[in-house]
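Okay, structure first, notes after.
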Amino acid sequence: MNVNQLSNRLRTVAAQLPEGANFADIGSDHAYLPCYVCLRDVDANAIAGEINQGPYESAIEEVERQALTDRIDVRKGNGLEVLRPGEVGQIVLAGMGGPLMTEILREGQNKLTGVQRIIVQPNIEARAVRRWFLHHDYTLVHEEIIEESGHIYEVLTADKREAGTASEYQIGRRDVQLMMGPYLLEECTEVFKKKWRKELMKKQFVLEQMKLAKQPDSLKVNQLNTEINWIKEALDQ
Numbered sequence: 160m161n162v163n164q165l166s167n168r169l170r171t172v173a174a175q176l177p178e179g180a181n182f183a184d185i186g187s188d189h190a191y192l193p194c195y196v197c198l199r200d201v202d203a204n205a206i207a208g209e210i211n212q213g214p215y216e217s218a219i220e221e222v223e224r225q226a227l228t229d230r231i232d233v234r235k236g237n238g239l240e241v242l243r244p245g246e247v248g249q250i251v252l253a254g255m256g257g258p259l260m261t262e263i264l265r266e267g268q269n270k271l272t273g274v275q276r277i278i279v280q281p282n283i284e285a286r287a288v289r290r291w292f293l294h295h296d297y298t299l300v301h302e303e304i305i306e307e308s309g310h311i312y313e314v315l316t317a318d319k320r321e322a323g324t325a326s327e328y329q330i331g332r333r334d335v336q337l338m339m340g341p342y343l344l345e346e347c348t349e350v351f352k353k354k355w356r357k358e359l360m361k362k363q364f365v366l367e368q369m370k371l372a373k374q375p376d377s378l379k380v381n382q383l384n385t386e387i388n389w390i391k392e393a394l395d396q
């Protein structure tokens with residue numbers, strides 16, 4: 160892959176950035192996403208954060224190759240420690256697990272001053288990020304689910320919550336919407352159904368294994384049964 164052959168996954172992420180974005184791509188790898196955005200938007204600026212030395216050096220090389228050193232600053236560091244408070248208006252976290260994303264956001268919470276939009280593409284457990292948004296004054300405004308090269312990806316966009324904003328979650332349905340996504344549940348696309356058919360099989364297998372234990376954990380069994388029922392209901396729409 161290179162900046163001119165950006166994956167559909169990252170193009171879906173890029174589409175959620177506003178024109179003239181001043182954003183940070185955390186875990187930027189080769190800085191393909193910042194380069195892609197800045198090459199197509201002359202008013203965009205970016206910080207590419209990377210913790211690992213190899214990808215950090217690759218990012219510097221890519222930014223130099225694209226003649227974007229005046230608009231993309233490549234920084235080495237862990238999570239949001241590469242930022243100063245108020246420095247960017249948008250943050251991108253893509254290609255890592257939901258729990259790791261929430262850890263990065265939690266540890267760097269003091270760096271979120273002025274961040275109006277957070278765009279995430281969690282590889283697993285998107286529920287963890289939705290829950291973090293809910294409890295930290297960010298409103299989920301857009302969700303997209305795509306399939307590429309045999310993998311299914313979710314892209315979530317959240318904006319800083321304004322006073323008086325109605326919740327994106329329905330009373331009595333919040334837990335299922337946190338798990339499956341309020342907008343994705345509503346749209347219920349074929350890709351969404353494909354993902355949750357797989358998840359249903361996994362959960363049913365885990366449930367059967369748990370029942371074989373001499374003393375099954377009743378709380379976990381009940382939770383799995385509940386989630387299995389949620390998935391079945393969604394697939395029956």
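Be aware that the sequence shown starts at 160, since it is given in the working numbering, and climbs by one per residue.
All residues carry an ideal CB built from backbone N, CA and C; glycine is no exception.
Check your understanding: Buried or exposed: where does L169 fall if 16 or more other Cβ atoms within 10 Å of its Cβ makes it buried?
Key -> For this step, residue 169 is matched to residue 10 along the sequence shown. Per the 10 Å Cβ criterion, buried.
Exercise for review: Report the partner residues of Q280 according to the DSSP bridge assignment.
Suggested key: Counting from 1 along the sequence shown, the entry for residue 280 is found at position 121. DSSP, once it has assigned bridges, lists A253 as partnering Q280.
Exercise for review: Please say whether V233 and V222 have beta carbons closer to each other than 9 angstroms?
Suggested key: Here residue 222 refers to the residue found at position 63 when the sequence shown is read from its first residue. Here residue 233 refers to the residue found at position 74 when the sequence shown is read from its first residue. A contact, by the Cβ cut-off of 9 angstroms.
Review point. So what does I206 bridge to, in DSSP terms?
Key: Against the sequence shown, residue 206 aligns to sequence position 47. Paired residues: A183, D232.
Review point. Helix, strand or coil: how does DSSP classify T316 here?
Key: Within the sequence shown, residue 316 is the residue found at index 157, counting from 1. Three-state DSSP puts T316 in a strand.
**Study point:** Where T272 sits in the DSSP three-state scheme
**Key:** For this step, residue 272 is matched to residue 113 along the sequence shown. Here T272 sits in coil by DSSP.
Exercise for review: Measure the C-alpha to C-alpha separation of T298 and L242 and round it to an integer number of angstroms.
Suggested key: To locate residue 298, count along the sequence shown from 1; it is residue 139. To locate residue 242, count along the sequence shown from 1; it is residue 83. When rounded, the distance between both Cα atoms is 22 angstroms.
Review point. For the stretch 326-342 against the stretch 298-312, are there 3 or more C-beta pairs whose distance is under 8 angstroms?
Key: yes
Point to revise | Alpha-carbon to alpha-carbon, K391 and K353 | key: Counting from 1 along the sequence shown, the entry for residue 353 is found at position 194. Counting from 1 along the sequence shown, the entry for residue 391 is found at position 232. Near 12 angstroms, if we compare the C-alpha coordinates of K391 and K353.
Review point. If you draw a straight line from the alpha carbon of P177 to that of I304, how long is it in whole angstroms?
Key: As a first step, residue 177 must be located in the sequence shown, where it is residue number 18. As a first step, residue 304 must be located in the sequence shown, where it is residue number 145. Cα-Cα distance, rounded: 20 angstroms.
Check your understanding: With a CB to CB cut of under 6 angstroms and the five nearest residues on each side skipped, what residues in its chain are close to R230?
Key -> Along the sequence shown, one-based indexing puts residue 230 at 71. C197, N204, listed in sequence order.
Check your understanding: Since I304 is in the beta strand (DSSP E), which residue starts that stretch and which ends it?
Key -> Start at 1 with the first residue of the sequence shown, and residue 304 comes out as number 145. Looking at the DSSP string, the run of the beta strand (DSSP E) that includes I304 is 297-307.
**Study point:** One or two residues paired with I311 in a DSSP bridge
**Key:** Here the question's residue 311 lines up with position 152 in the sequence shown. DSSP, once it has assigned bridges, lists E306 as partnering I311.
Check your understanding: Taking the Cβ atom as the reference point for each residue, do A285 and G257 lie within a distance shorter than 9 angstroms?
Key -> Position 126 of the sequence shown, counted from the first residue, corresponds to residue 285. Position 98 of the sequence shown, counted from the first residue, corresponds to residue 257. Cβ atoms of A285 and G257: closer than 9 angstroms.
Exercise for review: Just mark I219 as buried or exposed, buried being the case when its beta carbon has 16 or more other beta carbons within 10 Å.
Suggested key: As a working mapping, residue 219 is identified with position 60 in the sequence shown. By the neighbour-count rule (16 or more Cβ atoms within 10 Å), I219 is buried.
Practice item. Ignore the nearest five residues each way along the sequence and tell me which others in G245's own chain have a CB closer than 7 angstroms to its CB. Key: Here residue 245 is taken as the residue at index 86 of the sequence shown, counted from 1. If we look at G245 and ignore the five residues flanking it on each side, its Cβ neighbours are T272, G273.
Exercise for review: Find out if the Cβ-Cβ distance for the pair N237, I210 is shorter than 9 angstroms.
Suggested key: For this step, residue 237 is matched to residue 78 along the sequence shown. For this step, residue 210 is matched to residue 51 along the sequence shown. Yes.
Exercise for review: Leaving aside the five residues before and after K370 along the sequence, list all residues of the same chain whose C-beta is less than 8 angstroms from its C-beta, in chain order.
Suggested key: Walking along the sequence shown from the start, residue 370 turns up at place 211. Result list for K370: V380, in chain order.
Exercise for review: Pick out whichever of H295, S308, N163, L293 has its Cα sitting closest to the Cα of R224.
Suggested key: Your numbering for residue 224 matches position 65 in the sequence shown. Comparing Cα positions, the closest option is N163.
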